[in-house]
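Structure first, then comments.
Number of protein chains: 2
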Amino acid sequence: MIGVITIKDVKLQLGELCKQKRQIYEMSQEDLAVALDLSRYTIQKFENGKNATLDTVLKIVNHFDLLNNLYLALKDIENTNDINSLY
Amino acid sequence: MIGVITIKDVKLQLGELCKQKRQIYEMSQEDLAVALDLSRYTIQKFENGKNATLDTVLKIVNHFDLLNNLYLALKDIENTNDINSLY
DNA sequence: AATATTTGTGTATTATAATAAACAATTTAA
DNA sequence: TTAAATTGTTTATTATAATACACAAATATT
């Protein structure tokens with residue numbers, strides 16, 4: 083298999099997702115920061131794939147109405163019993 | 083609609099997921115902590131729905147081979163253009 | 001029942017995410 | 001092309017996640 087996904091990849095992808103959604107809603111980093119009661123620097127770092135806290139991530143996810151999706155995805159994973167259903 | 087999902091709900095669900103997967107693999111909190119080079123206290127707090135860092139979450143997700151799933155889910159969300167496809 | 005293992009909880013310390021402010025670099029609008 | 005807005009980066013400070021103990025409570029194991 084080519085291209086195993088790394089933790090860094092996921093952090094970069096999360097950052098991209100934030101940036102993309104933010105731009106769809108025509109918000110600046112500053113706008114988003116104010117809306118979520120976070121500093122612009124926190125948004126800035128997150129969008130560039132740096133580490134963050136779960137609260138920060140979930141605030142952002144929630145702001146773009148994706149919290150329910152995430153919750154259901156987690157429920158799904160929990161009910162998917164095991165290791166790589168490849169059979 | 084009844085029961086809007088909150089950030090706290092998602093953190094609790096993440097903790098549950100960790101606990102469940104860990105038990106499937108017959109690991110103690112200590113085992114998992116050692117495997118991921120984290121303290122048991124960090125695992126302990128995470129499983130009980132406390133705040134954590136993204137790195138901690140992704141280390142855990144990765145250990146249970148769910149990183150790829152998560153990445154694909156994020157890609158999916160990124161390509162799902164907009165607000166509640168309810169139409 | 002007694003012992004061993006695991007989990008929950010407390011305190012103190014360290015590492016680092018988050019904040020705040022300023023300024024440069026870049027992008028967008030006039 | 002200039003001005004305005006946005007984004008990137010730095011430094012210093014504060015808040016808090018993570019660590020490293022220890023010990024009690026709860027769950028298995030014998």
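Read top to bottom, the protein sequences are chains A and B.
In terms of the working numbering, the first sequence is residues 83 to 169.
In terms of the working numbering, the second sequence is residues 83 to 169.
Backbone N, C-alpha and C fix where the C-beta goes; we use that ideal spot for every residue, glycine too.
Just so it is clear, the structure is predicted and the values come from calculations on it, not from any experiment.
Of the residues A:G131, A:Q102, A:T124 and A:K103, the one placed nearest E112 (chain A), counting alpha carbons only: E112 (chain A) has its Cα closest to that of A:T124, out of A:G131, A:Q102, A:T124 and A:K103.
When A:V116, A:N133, A:Q126 and A:N144 are compared against V86 (chain B), the one with the closest alpha-carbon: The closest CA to that of V86 (chain B), considering only A:V116, A:N133, A:Q126 and A:N144, is found on A:N144.
Range of the contiguous alpha helix (DSSP H) that encloses D158 (chain B): L149 to N161 is the extent of the alpha helix (DSSP H) around D158 (chain B).
Secondary structure of T88 (chain B), DSSP reduced to three states: For T88 (chain B), the secondary structure class from DSSP, reduced to helix, strand or coil, is coil.
Neighbourhood of I142 (chain B) by C-beta, 6 Å cutoff - its chain only, sequence neighbours within 5 removed: If the five residues before and after I142 (chain B) are omitted, its C-beta is found closer than 6 Å to the C-beta atoms of C100, all from its own chain and listed in chain order.
Below-9 Å beta-carbon distance, T124 (chain A) vs any chain B residue: Taking Cβ atoms only, chain B never reaches closer than 9 Å to T124 (chain A), which makes this a no.
Local Cβ density within 10 Å of Q95 (chain B), reported as buried at 16 or more and exposed below that: With 16 or more other Cβ atoms from the protein chains shown falling within 10 Å of its own Cβ, Q95 (chain B) counts as buried.
DSSP-derived helix/strand/coil call for L99 (chain B): Judged by DSSP in its simplified three-state form, L99 (chain B) adopts helix.
The ligand COA heavy atom lying under 8 Å from the CB of L136 (chain A): The ligand COA is absent from the structure shown, which contains no ligands of any kind.
A115 (chain A) - containing alpha helix (DSSP H), residue span: A115 (chain A): member of the alpha helix (DSSP H) spanning Q111 to L118, first to last residue.
C-alpha distance - Q105 (chain A) paired with F146 (chain A), whole-angstrom precision: Approximately 11 Å between the Cα atoms of the pair.
Limits of the unbroken alpha helix (DSSP H) element including E129 (chain B): Where E129 (chain B) is concerned, the enclosing alpha helix (DSSP H) stretches over R122 to E129.
Minimum Cβ-Cβ distance from I84 (chain B) to chain A less than 9 Å: No, its Cβ sits nowhere closer than 9 Å to a Cβ of chain A.
D158 (chain B) classed as buried or exposed, judged by whether at least 16 other C-beta atoms fall within 10 angstroms: When all chains shown are included, D158 (chain B) counts as exposed.
Cβ neighbour criterion (16 or more within 10 Å) applied to T138 (chain B): The residue in question, T138 (chain B), is buried, as its Cβ has 16 or more Cβ neighbours within 10 Å.
Minimum Cβ-Cβ distance from L112 (chain B) to chain A less than 9 Å: Checking the displayed sequence, the identity of residue 112 (chain B) turns out to be Glu instead of Leu. Interface flag for E112 (chain B) against chain A is unset, since no Cβ pair is found closer than 9 Å.
Distance between beta carbons of E160 (chain A) and E98 (chain B), contact taken as under 8 Å: So it is a contact: roughly 7 Å between Cβ atoms.
Within-9 Å CB hit, N150 (chain A) to chain B: Taking CB atoms only, N150 (chain A) has a neighbour in chain B less than 9 Å away.
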